[in-house]
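Chemist: Once you've had a glance at the structure underneath, I'll fire off some questions.
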Amino acid sequence: MITAHVEYAFQPREGARSAGGYHAILDQPLTAGRLVRERGDALCRPRRKFWGLAPGNDTGQPTCPPCKDRVARYGVTMQERKQ
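Offset between the sequence shown (1-based) and our numbering: plus 1295.
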């Protein structure tokens, strides 16, 4: 079972076109066809492509459309982040 938690991606100058939002961050590595993500990567892109990530939201669900799609497609279970 692949699990993930939610983290907020922020940028130094947030605006309407920024990539800020809640993303599904993997708790284990995932390889599904050509999609390869390491532990700590978002489902939509690798962690190194974000300026910064912070703890998630109260709902525990991502708002990023690609992350939401991939959670459903690959059967990823969303969990609260473990402290």
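Cβ atoms here follow ideal geometry from the backbone N, Cα and C, with glycine treated the same way.
How many Å lie between residue 1319 and residue 1308 at the Cα?
Modeler: Locating residue 1319 in the sequence shown gives position 24, counting from the first residue. Locating residue 1308 in the sequence shown gives position 13, counting from the first residue. Distance between the alpha carbons of residue 1319 and residue 1308: 22 Å.
Chemist: Give a yes or no on whether the C-beta atoms belonging to residue 1304 and residue 1348 are separated by under 8 Å.
Modeler: For the purposes of this step, residue 1304 is taken as residue 9 along the sequence shown, with counting starting at 1. For the purposes of this step, residue 1348 is taken as residue 53 along the sequence shown, with counting starting at 1. For residue 1304 and residue 1348, yes; Cβs fall inside 8 Å.
Chemist: The alpha helix (DSSP H) with residue 1331 in it runs from where to where?
Modeler: As a working mapping, residue 1331 is identified with position 36 in the sequence shown. Unbroken run through residue 1331 is the beta strand (DSSP E), 1330-1332; no alpha helix (DSSP H).
Chemist: Helix, strand or coil: which one does DSSP assign to residue 1341?
Modeler: Working through the sequence shown from its first residue, we reach residue 1341 at position 46. Residue 1341 falls in the coil class under three-state DSSP.
Chemist: Using alpha carbons as the reference points, say which of 1328, 1329, 1366 lies closest to residue 1355.
Modeler: In the sequence shown, the residue the question calls residue 1355 occupies position 60. The residue with the shortest Cα to Cα distance from residue 1355 is 1366.
Chemist: If you follow the alpha helix (DSSP H) that residue 1366 is in, where does it begin and where does it stop?
Modeler: Walking along the sequence shown from the start, residue 1366 turns up at place 71. 1360-1369 is the extent of the alpha helix (DSSP H) around residue 1366.
Chemist: With a threshold of 7 Å, establish whether the CB of residue 1370 neighbours any heavy atom of the ligand COA.
Modeler: Here there are no bound small molecules, and the ligand COA is not part of this structure.
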